[in-house]
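*Asks:* Chains as they are written, first to last, in our numbering: chain A, 1 to 382; chain B, 383 to 764; chain C, 765 to 1146; chain D, 1147 to 1528.
Quick reminder that beta carbons are idealized off the backbone N, C-alpha and C, glycines included.
Please read all numbers here as calculations on a predicted model, not as lab measurements.
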């Protein structure tokens, strides 16, 4: 076994959902060892969180952490950034500047300009910049992408993607007790996009990941259902693709009854496929005029899916395994980058900083179209 | 048992799908006897079709049929119109003029003006004008409407409706062998709306039927995927409702793998519901933050559903039963109208000529918005 | 169209579930006209029921009905028997004796001896004797049988069949208000088998119909859960087949939450199939080591399924259509028998009196094995 | 965070499925550190496997390992036993004897006598003996048990449990290339029970775990479908419970198309529940006469389920998380035992050596009943 990479974390203190998930995911395949962290901007909370997570070196400030870790012989190889959105860019910049690889939660940044600067910096520094669009770590999502790529669906015609949740159906951000609801609905911390930035970008990424196509333009409408909320909690959009395909994207955080209902359907001239994140161990493939086939994770003959699978047929995998896959691929790429080698082919599906920039272009186009009463807007090349 | 009503039929000759369906549906509950028909404009084919269907009086011309039947003591009580769309209005007019009740396939007509004239005439003549939006005959669709009406979903926020098929994914209308594909893609026979008129209106009607809400405006895009096709085969639209609710509507006849996938989801402040036409014996109801409940047709305590149910729990019903329900409700209303009585309450959900006009307003708004590159268009009051 | 056959009915008066279902089913395909009936042994109730059902000739006594109808030039061609079980044999005998075809509800009789005598009589008289094992009328059940027959599953190894309901989970027969519960739990009317005779025989028939195999022996246990109940309400059995296959059969009327859950799974050396009566528009086919295919009713390329299908792909069919199929096949066979012709090939799947005898052999073997504490018992050749 | 416990492993060398799974599971919650192993009886293979898994101390012999680890100050706290079945008892004995806690794969042993001796020894030594019946680690399985325990189902009446796979449908053990198939079909290594011991015991344990009831007797039949196979590959059994409930158990490894289809249904006087291991993020609960409710893992208000849940609603969990739960509970109990404290209440659902003995009683009863042509056999108290 190659040595475990040393990982640091910024954000993810006590009570934060996504920090704990990153830690579970980083650990599963045993390629990372979490050794340093700036888990909170409150020094006491930072220390307590680090102790709880078994992290040896706790910092009160991420700038200090970047400096100190870069200076150590046994400093971290990579940092996981799990802060609110507004800090993604500054934190990532600080670590890239000192040559530390970055694994960052989505969205990449709170503005397109920030995102483009980050992409530029990552290229200059030749460091890994992985963005955790978790859902692209599912074996069947990767298999779906392969089906499209090798032409099993024919020419693509229709894309239907949606992401529905109900956890923000009521104004829980005003209660003070739900920290995540608090920052995610605060434009100063989350950026100008609420539901759009949080889950709309996941839906958009999933669609582009599987189809291999970026829409050329869109017509969109943002809406805020909950009175007093400062960001959107609902987005609906029509999409046009360069090849003439059409699409629809819907994301909502007020969809009563929905837990985490991310679903993608793609229709081509030969066949269609359907994937539902809440049941990730199956993928539906239906030929034109034919019968639906329930493709399962571990029975599919696919090197791509096998690379992202840990247990035998019929033993279900879940969200943590998909997340772990991103860390596994990141480890492979970090080793290659550090060794000056080409990135391993089997890791090529790892989401990049450019995917993050594409997501920010999408956000910008939706904001612009919605402000212009749904006028069609170009999305721009990635 | 009250006497069977005498039914005539215009259209529905040999090989026509929908004529045979109307005959099965009219027969199931034994309230109609099919005694006269003008099943084809070709006299020989008309006679042969009538013989095959066991129809006593065959006419070569529907104008002649209207005159002759009106003149007979035992003439038909009602006529079922199952022709291509362009004949709906002229045929209906001819029968209404002589005082015969009308049961007409959708869409109501090929222009809004035609439709409004028909509605006016039906009112003047005080005759039944039922439009066969079949899907509103399902017991669980009616139950869904009741759930909304009595407030179980709270204030409605989001409507998602879609209708996907794949039978027109290839240019089968040019083969000459598929009669239905031929007329449905010929603007002279089907009207200016292809997929939009054929199934888009079904989706639109289902959404308005269940929610009790008509959108105020829409932004839409029609598209034709199959080269050479003369009408649209794909429509996508965003909807705004008077109460602030938002919606999306998608209809496609090129969605590879889809058979007859009409699906409605409605989200309110308290709960959501979901109905899938291909599995009509269940309805999903999920409270905000709660668990999904699989509501079944015959176990639901609902007079409305019971009125539309024929067999006990667990014995599935299907499309023909839903269709038969429209005929059953039509029989109840015809008897009441002929007796000068108020329409029976239990028949009140039967689709009317005004629903048909609403469908034509929807078609007009989609055509206009699509022509204006998706500019939002008012739909207009029904 | 050939002339409608004249149908009579014995049993099925007001409030009886199965009589109304037979009438709907007989009507759907327009091959029968219901003209005579002895719907109740109470003359007034018989007349009122006949009036309600629109039946011209009402009899107070089925013996009288058999005599009178046989004597008329326009007497009935066939009789539908929908009485409690104990009358199946005497009524069927009376009509066969006078040369009238019989369509009879299941089980065939209340003893094997009765059933064998009926089979003998039907053969002697050369009259149709159709037994309404409704579930064999589903197009996908017939298609499943064809898949087995043509070897798509390979050599059969395992049969799993079950039929669960919950309507008798409580002692509703003592309330007096549920007529059906009353007679079905009364051994004098239902025979010695309760749940076993009512739904166990349906499960057994479905398994033998699809697999084409009759078990050679079984080990069974009957049980009565509801205190005071006079018949079994639960049966579980192990099966052995002549080719070495193994099977399990479960039927219960106390399975809380179950509506009408008849389900069959068959596993062969090459593939398996699964059918669930509550969702009869799909059939699952899964190759060894492969992915499940959702076979749908109207897309399957099968003359056998097409013969039992009325509406296009994606338009669901249900229980009434399956039931109607038996009447349609019966009409085809009656015409052939009356014309002295061979039975039409497309009607060959209609359930026969011999299937009824096989069901009685099954009942006898279960009763014997259960009485012998589960000792394996031969079922006997049909 | 408490210190990580030091874990050793016996078995699980290169190519072994279950060893890798144990390692992933042990790591997920970060409560164990794998520091020693005897992964193969072949010294070279043992070393190579240990290197690959990042294990510091590799032993060629597990007896030596037990001695050496017990002698070290930093010796292992617990050993995970993932060998073929015939070694479970000797290995566990060796480690218990030197005071090391045991986490053992199922079945506990290859004979009831062996198992009882182990249970006795574990009690004497006051060491943890956890048996990895993985499926009891699913949050919804634990929630199901709680529903039964608190009476939501009423008095239990019917238990239906089954476990179907198809990986042994052909004689792959003769190919030499499938190591697992090799030892699992070799009575010398797997014991006298094939499918019965491998997955039948899982099904049996799941049923007893959820219902809280042990059957009093059973009637069973083992069968071997694949010619030349030396153990059973199919088991079917009828069950009787002390309270009068009835049950059926089916396990098969020749069920074409089945991946890992472990499914449990339990029916009580008030309600039923259904769980399918291949879709472990949902549990179905249906009241008598009512509608099915789809209970999801993270929305259920249950401390028991929450204890076994890592990610928020709608983020699916899988088999590894269930497995990790057993390790998490084991860590809690090891800490308590080492500290001389009572076992923590939240860990109480961890499977014990007594559950293992119960499984062996079940195996013995099935073997005896099958040998006696299905005669009912007592299972015996645990």
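1) Spell out a yes or no on whether the segment 1220 to 1232 of chain D and the segment 1154 to 1162 of chain D are touching, meaning 3 or more CB-CB pairs, one atom from each, closer than 8 Å.
2) Check this for me: beta carbons of residue 1212 of chain D and residue 1235 of chain D, under 7 Å apart or not?
3) Suppose contacts are defined by Cβ-Cβ distances below 7 Å. Is residue 897 of chain C in contact with residue 969 of chain C by that definition?
4) Taking only beta-carbon positions, decide if residue 293 of chain A is within less than 7 Å of chain C.
5) Does the separation of the CB atoms of residue 232 of chain A and residue 191 of chain A fall below 7 Å?
6) For residue 925 of chain C, would you say it is in contact with chain B, using Cβ-to-Cβ distances shorter than 7 Å as the test?
7) Considering only residues of the same chain and omitting the five flanking positions on each side of residue 1066 of chain C, which have a CB-CB separation below 7 Å?
8) Considering only the beta carbon of each residue, do residue 1248 of chain D and residue 1263 of chain D sit closer than 7 Å?
9) For residue 130 of chain A, list the residues DSSP reports as bridge partners.
10) With respect to the alpha helix (DSSP H) encompassing residue 1401 of chain D, which residues constitute its N-terminal and C-terminal limits?
11) Select from A:61, A:325 and A:71 the residue whose C-alpha is nearest the C-alpha of residue 30 of chain A.
12) How about residue 333 of chain A: is its Cβ closer than 6 Å to a heavy atom in the ligand SAH?
13) For residue 1287 of chain D, which of helix, strand or coil comes out of DSSP?
14) Would you say residue 431 of chain B reaches chain A, if we count a Cβ-Cβ gap shorter than 7 Å as a contact?
15) What residues from chain C crowd round residue 1382 of chain D, counting only those whose CB sits closer than 7 Å?
16) Are the CB atoms of residue 1028 of chain C and residue 1100 of chain C nearer to each other than 7 Å?
17) Measure from the C-beta of residue 225 of chain A to each C-beta in chain B and report whether the shortest distance is under 7 Å.
18) Could you name the residues of the same chain whose beta carbon sits closer than 6 Å to that of residue 637 of chain B, not counting the 5 residues immediately before and after it, in chain order?
19) Report the neighbours of residue 1405 of chain D on chain A: residues whose CB is nearer than 9 Å to its CB, in chain order.
20) Does the structure place the segment 1419 to 1439 of chain D close enough to the segment 1027 to 1046 of chain C that three or more beta carbon pairs sit under 8 Å?
21) Please classify residue 1523 of chain D: does DSSP put it in a helix, a strand, or coil?
22) Could you name the residues of the same chain whose beta carbon sits closer than 7 Å to that of residue 476 of chain B, not counting the 5 residues immediately before and after it, in chain order?
23) Does the segment 1109 to 1128 of chain C come into contact with the segment 794 to 803 of chain C, if we say contact requires no fewer than three beta-carbon pairs (one atom in each stretch) closer than 8 Å?
24) For residue 728 of chain B, name the three-state secondary structure that DSSP assigns.
25) For the alpha helix (DSSP H) that contains residue 807 of chain C, what are its first and last residues?
26) Just to confirm the assignment: which complete alpha helix (DSSP H) runs, minimum length 4, are found wholly within the segment 1429 to 1476 of chain D?
27) Quick check: the segment 1481 to 1495 of chain D against the segment 1323 to 1336 of chain D, are at least 3 beta-carbon pairs closer than 8 Å?
28) Counting C-beta neighbours from all protein chains within 10 Å, is the total for residue 1323 of chain D 16 or more, i.e. buried, or is it exposed?
29) In this structure, what does DSSP give as the bridge partners for residue 616 of chain B?
30) Measuring CA to CA, which of B:391, B:761 and B:387 is closest to residue 596 of chain B?
31) Does the Cβ-Cβ distance between residue 965 of chain C and residue 871 of chain C come in under 7 Å?
32) Return the Cβ separation of residue 963 of chain C and residue 883 of chain C in integer angstroms, given the expectation that the two are a contact with Cβ distance under 8 Å.
33) Measuring alpha carbon to alpha carbon, tell me which residue in D:1174, D:1153, D:1168 and D:1246 is nearest residue 1455 of chain D.
34) Less than 7 Å separating the beta-carbons of residue 1520 of chain D and residue 981 of chain C?
35) What does a CB cutoff of less than 6 Å around residue 1148 of chain C pick up in its chain, not counting 5 residues either side in sequence?
36) For residue 1155 of chain D, write down the residues that DSSP places opposite it in a beta bridge.
*Replies:* Working from what's here:
1) Verdict: yes, contact present.
2) no
3) yes
4) yes
5) No, Cβ-Cβ distance for residue 232 of chain A and residue 191 of chain A is not below 7 Å.
6) no
7) 907 and 910
8) For residue 1248 of chain D and residue 1263 of chain D, no; Cβs fall outside 7 Å.
9) A:103 and A:352
10) From DSSP, residue 1401 of chain D is part of no alpha helix (DSSP H); its letter is neither H nor E.
11) A:325
12) The ligand SAH is not part of this structure, which contains no ligands at all.
13) helix
14) no
15) 1002, 1010 and 1012
16) Against a cut-off of 7 Å, the Cβ pair of residue 1100 of chain C and residue 1028 of chain C comes out as no contact.
17) yes
18) 546 and 548
19) 296, 298, 299, 312, 313, 314 and 315
20) As far as the Cβ criterion goes, the segment 1027 to 1046 of chain C does not touch the segment 1419 to 1439 of chain D, which means the pair count is below three.
21) strand
22) 444, 445 and 448
23) no
24) Three-state result, residue 728 of chain B: helix.
25) 807 to 816
26) 1449 to 1453
27) Between the segment 1323 to 1336 of chain D and the segment 1481 to 1495 of chain D, the count of C-beta pairs closer than 8 Å stays below three; the two stretches do not touch.
28) Exposed: under 16 other Cβ atoms inside 10 Å.
29) B:605 and B:634
30) B:761
31) yes
32) Not really, about 22 Å apart at Cβ, beyond 8 Å.
33) D:1174
34) no
35) Residue 1148 of chain C falls outside the range modelled here, since chain C spans only 765 to 1146, and no answer is possible.
36) D:1183 and D:1226
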